[in-house]
Amino acid sequence: MAKRRNTHNKKQKDKVWKRGTSLQKKTVELGEIANVLIALIYWNPTHNHFEKAVHVPKGQSLPDATELTME
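Going left to right, the sequence shown walks through residues 61 to 131 as this note's numbering numbers them.
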């Protein structure tokens with residue numbers, strides 16, 4: 061994957077830094093409590109990579125990414 065040009069200002073980077081980890085924890089917590097498949101993906105402009113959080117209940121699997129974008 062080509063390197064992305066970082067066009068985010070400090071305020072935007074700080075917002076991702078401050079809220080991203082909390083959002084990841086809440087995503088997994090919701091998946092575990094409700095026993096649902098849940099996934100979060102967002103771009104971290106400070107470290108120039110994607111962050112993710114996923115919970116997949118036993119017996120289920122992640123759907124194909126193309127299938128998700130077609131809905």
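From the three backbone atoms N, C-alpha and C, an ideal C-beta is built for every residue, glycine too.
Going by the DSSP bridge assignment, what does residue i pair with across the sheet?
i, result
"residue 104", "109"
"residue 98", "115"
With H, G and I counted as helix, E and B as strand and the rest as coil, what does DSSP make of residue i?
i, result
"residue 116", "coil"
"residue 74", "helix"
"residue 83", "helix"
"residue 129", "helix"
"residue 122", "coil"
Can you give the beta carbon distance from residue i to residue j, rounded, assuming they're within the 8 angstroms contact cut?
i, j, result
"residue 125", "residue 84", "19 angstroms between Cβ atoms; not a contact."
key: Cβ contact check for the stretch 84-100 and the stretch 65-72: 3 or more pairs under 8 angstroms   = No: fewer than three Cβ pairs fall under 8 angstroms.
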